[in-house]
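Notes follow once the structure below has been shown.
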Amino acid sequence: MDLQLTGKRALVTGSSSGIGAAIAELLAQEGCAVVVTGRNVERTNKVAEHIRAGGSDVVAVVGDLATDDGAEQVADAAIETFGGVDILVNNAGGGSEVENPSWFTTELSAWIETYQKNVMAAGRLIHRLTPGMKDQGWGRIIQIGSMAGTVPTSAQPDYAAAKAAMLAMSLGLSKALKGTGVTVNTVTPGMINTEGLRDFLATFAAKRGWDDIEQAADYIVKGTGQTVLRIGQPEDVAHAVAYLASPVADFVNGVNIHMDGGGTANIY
Ligand SMILES: NC(=O)c1ccc[n+]([C@@H]2O[C@H](COP(=O)([O-])OP(=O)(O)OC[C@H]3O[C@@H](n4cnc5c(N)ncnc54)[C@H](OP(=O)(O)O)[C@@H]3O)[C@@H](O)[C@H]2O)c1
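Quick note: the sequence shown uses the numbering used here, first residue -6, plus one each step.
Next comes the structure, spelled out in structure tokens:
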């Protein structure tokens, strides 16, 4: 299937590593000009160079999206380089740096930090880039959620609240953009094979005296509601994003696609 993405201009936040890097690479392979962005200069440049080596149009922009200035810098660079942004993927973020984050160890300052890098990072870019999408009568906003946003555990309260807020933003904005040609959707990853997950699995395995993170992965996957018995790959999430970014998904708006191996499948 031709996703008709050739010539589209995509800004993928948090594309200096993990899921964001896979999304940027796939959109580039599908013909988009891509803005790769993160805070770490070396990682951001490395992903952009890899994409450029594949023959795609790409620019690396470094900025902290947890700040107004950083977000402005990233948006300005994207607009200056490609003349506008058609596809905004709000993927940057993640949990706080708190070790074993519980309701009772997560300081309020960590809540604010998590909110800034997830919710406000997305909000800042939506504010800056949506008017251009409305003017041209076409655009895509895709937010990366988390199972924590719909099925929170007893831990990571700040992260669950931030990801739930992003879900509310997506649906509300999709309604606010009614009839404009700009759609807003969420992709919710389950357990995805990134550096962060591998660190978590290593700790989980070590606590049980296992020397193999595969054993930890297998144990966790079988203990969840997953019906596809493997850890997800960043490409699994990227495939859903590419579909939602495509003109062929014109009739899809305000949805939340779970890329979680069936882990949160439900009927309600
Ligand atoms: N991996 C999973 O299993 C999983 C599951 C559910 C949801 N998610 C979500 O998927 C998204 C990507 O996660 P990942 O696992 O791929 O994590 P990752 O490898 O740690 O990537 C996070 C990305 O966000 C960027 N970032 C973080 N804070 C930022 C800030 N203040 N300003 C600008 N960029 C910032 C990082 O940039 P630098 O490193 O350059 O600073 C990096 O590119 C996150 O929103 C996460 O919550 C992941």
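We put the CB at the ideal spot given by N, CA and C, even for glycine.
Note that the structure is predicted; figures quoted are calculated from it, not measured.
Selection 16, 22, 10, 47 evaluated against residue 31 yields 10 as nearest (Cα-Cα). Straight across, the Cα-Cα distance linking residue 143 with residue 157 is about 6 Å. For residue 157, the secondary structure class from DSSP, reduced to helix, strand or coil, is helix.
Closest by C-alpha distance to residue 229, out of 254, 151, 7, is 254. Here the alpha carbon of residue 129 sits roughly 9 Å from the alpha carbon of residue 175. Looking at the backbone, the Cα of residue 249 and that of residue 141 are separated by about 13 Å. Partner residues in the beta bridge of residue 133, as assigned by DSSP, are 80, 176.
Annotation: residue 74 to residue 173 spans about 25 Å, alpha carbon to alpha carbon. In the pairwise beta carbon analysis, the region 73 to 90 is classified as touching the region 17 to 31: at least three pairs are separated by under 8 Å.
In this structure, ligand 1 has no non-hydrogen atom nearer than 8 Å to the beta-carbon of residue 148. Residue 185 sits away from residue 7, with the two beta carbons spaced by 9 Å or more. Classified as buried, residue 219 has 16 or more neighbouring CB atoms from the shown chains inside 10 Å of its CB. With fewer than 16 other Cβ atoms from the protein chains shown falling within 10 Å of its own Cβ, residue 120 counts as exposed. Residue state for residue 255 is assigned as coil, using DSSP reduced to three classes.
Partner residues in the beta bridge of residue 249, as assigned by DSSP, are 179. Checking the 8 Å criterion, the Cβ of residue 201 is out of range of every heavy atom belonging to ligand 1.
Proximity of the beta carbon of residue 152 to ligand 1 is indicated: a heavy atom of the ligand is located closer than 8 Å. If you check the CB distance, residue 95 and residue 148 come in under 9 Å. Looking at the backbone, the Cα of residue 52 and that of residue 28 are separated by about 5 Å.
Residue pairing from DSSP leaves residue 119 without any beta-bridge partner.
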